[in-house]
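First up is the structure itself, then whatever we jot down about it.
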Amino acid sequence: MTRFMRAVDIRSGSGPASALFINDEMPVPEPQPGECLVKIKAFGINRGDMMQRDGMLVFPGVANMKPILGLEFSGVIAEMRPGDDEEGDEWKVGDEVFGLLGGGGYAEYVNVHRKMLIRKPRDMSHEQAGGLCEVNSPGTPTLVATPSHSTDDDAAASSTSFSTASTAPAVFATARKPEKCAFATEQLGATAAVDLSQHPDKRSWAAEVKAHNGHRGVDLVVT
């Protein structure tokens, strides 16, 4: 018997935010070998989701991309299906996990290969874990792979990668709304934040960063 779940769906397959609706007749995915069925507690909302919703983001030839939106999640393992190499598997039903997805996060359940799961720390909420991976994953490789980077370098970072640059002594964030700039400085601890919407030429914002940094540039830019 087919099991059903609720998920965020899109009328006509793509469209603006007003085209989104809750579809309570979406089939619960059946775990494939090596996969876990995860009961989702929270999921992140990303620009890629919006592009996919608008029909602007397609992945030709990628068989495992799911039609349901959602690229990151946090939840609890509900079911497991053994794979060929399940011996010594660290996971069990009831474990709290989070991670990245090839779509499918805007739903009550999603299938995730157990090798893609990350254990959720006990002191981290599902809401925090559900929005962690996409924020950190773009910037972290940049810092790790930059030979000249040190913790003495000043950094400029987009809102997506701010957390990965936070080890620098001075961090200058960018965002596109005043409230996001205020959040970066007041809640995240940025040295200063530049509102890119005030720089339509897409160039003059660099001068504002320099003004905040004693008229000096920065050592590293993380996008």
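In the numbering used here, the protein residues as written are 3 to 225. Even glycine gets a Cβ: it sits at the ideal position worked out from N, Cα and C. Just so we're clear, the structure is a prediction, and the values are computed from it rather than from any experiment.
Beta bridge counterpart(s) of residue i as assigned by DSSP
i, result
"Arg121", "Val99"
"Ser76", "Ala44, Phe100"
"Ala192", "Bridge partners of Ala192: none, in fact."
"Pro29", "Phe6"
"Glu181", "Answer is none; Glu181 lacks a bridge partner."
"Glu81", "Leu39"
"Asp197", "Ala177"
Residue i to residue j span [Cα, whole Å]
i, j, result
"Asp154", "Asp221", "The predicted model places Asp154 with a pLDDT of 46, which falls under 50 and marks its position as unreliable, so this point remains unresolved."
"Asn215", "Ala195", "11 Å"
"Val211", "Leu198", "11 Å"
"Leu39", "Asp51", "21 Å"
"Glu92", "Glu110", "24 Å"
"Gln54", "Thr176", "24 Å"
"Gln189", "Ala19", "28 Å"
"Arg218", "Pro180", "24 Å"
"Ser76", "Cys135", "10 Å"
"Thr4", "Gly96", "23 Å"
"Val137", "Pro33", "27 Å"
"Ala213", "Phe174", "11 Å"
"Asn48", "Gly72", "8 Å"
"Gly85", "Val112", "17 Å"
"Ala209", "His201", "10 Å"
"Glu74", "Val114", "11 Å"
"Ser127", "Pro171", "28 Å"
"Met28", "Gly107", "13 Å"
"Glu37", "Ala9", "20 Å"
"Phe6", "Ala80", "15 Å"
Span of the beta strand (DSSP E) around residue i
i, result
"Ala115", "First, the residue type needs correcting, since residue 115 is His and not Ala in the sequence shown. Per DSSP, His115 belongs to the beta strand (DSSP E) from 111–115."
"Lys212", "It is not in any beta strand (DSSP E) - Lys212 instead sits in the alpha helix (DSSP H) that spans 207–214."
"Val223", "222–224"
"Ala172", "No beta strand (DSSP E) holds Ala172; DSSP gives it neither H nor E."
First through last residue of the alpha helix (DSSP H) which encompasses residue i
i, result
"Ala131", "128–132"
"Arg55", "49–55"
"Glu92", "No alpha helix (DSSP H) contains Glu92, which DSSP labels as neither H nor E."
**Item:** the stretch 116–132 touching the stretch 43–57, judged by at least three CB pairs closer than 8 Å
**Value:** Yes, they touch.
**Prompt:** Should the stretch 181–191 be regarded as contacting the stretch 204–223, the criterion being three or more beta carbon pairs within less than 8 Å?
**Reply:** Touching, no.
**Message:** For the pair the stretch 96–112 and the stretch 12–21, tell me if three or more CB-CB distances fall below 8 Å.
**Reply:** Contact annotation: the stretch 96–112 does not touch the stretch 12–21, with fewer than three C-beta pairs closer than 8 Å.
**Request:** Say whether the stretch 114–126 touches the stretch 19–27, bearing in mind that this needs 3 or more beta-carbon pairs closer than 8 Å, one atom from each stretch.
**Result:** Contact between the stretch 114–126 and the stretch 19–27 is absent, because fewer than three Cβ pairs lie under 8 Å.
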